Each structure stands twice: as structure tokens, then as C-alpha cells.
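Quick notes on the structure that follows.
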Amino acid sequence: MDKNWMTIKNRWSKQYKQGVESFIEFAMANSGAQAEIRCPCIDCLNSKTLGREVVRIHLILKGIFFLQTTGEDGGHARRGVSIRMSADGRRTLEE
């Protein structure tokens, strides 16, 4: 599955939305008989199981949480990526 869409800053772009759709289709196909999947948005962090429409909305409005890996560092997560919790409880991903 192509993961390049995850790095697109413009979450309203056609390419990002197509990536979200592909991700949701892949996740649903691999979830067995489940009607819900774990939401990988920057707020849920895979801790909540939600329906496909809610996951779609979260990924477009909030963005996806991921740690980018490269072959240059042996496949380890890129350094300098962190999650910041604001006073109102919102999480944001910082690079």
C-alpha cells in the first residue's frame, strides 16, 4: 500500500483524500468481520475503534499520525517527531 499520501500537507487535496480512501478500504478488508477500525488520526492515536466515516473525517480534519522511516537510518523512526498536548487536551504532531 502506497503511504506517500501521509506526508501531504494539504489534507483537502485529491491525492490525500484518495490515500485516505485506500487506507480505509485496506483496513476494513483486513479487520475481519469488524464494522470498525482503529483510528490513526493525531488525536485518537489508534486508541479508538470507530466506523469508516468517522475515521475518514478524522483523517481529513486532523491528519494521520505516523513515524516516517527511511533506509538511511536502518528503518528506525525519524528523530525529532513528538506529540505535544495543549492545555485544552488537543494533541498535535511536531517535527
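The opening residue of the sequence shown carries number 5 in our numbering; numbering runs sequentially from there. Yeah, the Cβ is synthetic: ideal placement off N, Cα and C, and Gly gets one too. Model, not experiment: these values are computed from the prediction.
Integer-rounded CB distance, given that residue j should sit under 8 Å from residue i
i: Ile-41; j: Thr-53; result: 7 Å
CA nearest to the CA of residue i, picked from the options
i: Met-5; options: Ala-33, Arg-15 and Asn-14; result: Ala-33
i: Cys-45; options: Ala-39, Gln-38, Gly-36 and Val-58; result: Val-58
i: Arg-60; options: Ile-12, Gln-38, Glu-29 and Ala-37; result: Glu-29
Boundaries (first-last residue) of the alpha helix (DSSP H) holding residue i
i: Ile-28; result: 18 to 33
i: Arg-15; result: Here Arg-15 belongs to no alpha helix (DSSP H), and DSSP marks it neither H nor E.
i: Leu-63; result: 56 to 65
Cβ-based neighbour list, residue i, same chain, cut-off 6 Å, excluding 5 preceding and 5 following
i: Met-163; result: Because the chain is modelled from 5 through 99, residue 163 falls outside the range shown and cannot be assessed.
i: Cys-100; result: No answer is possible for residue 100: it lies beyond the span of the chain, which begins at 5 and ends at 99.
i: Lys-66; result: Cys-45, Ile-46 and Asp-47
Contacts around residue i, its chain only, beta-carbon distance under 7 Å, and the 5 residues preceding and following it disregarded
i: Cys-48; result: His-62
i: Gln-19; result: Trp-9 and Ile-12
i: Ala-39; result: Gly-55
Endpoints, beta strand (DSSP E) assigned at residue i
i: Ile-41; result: 40 to 42
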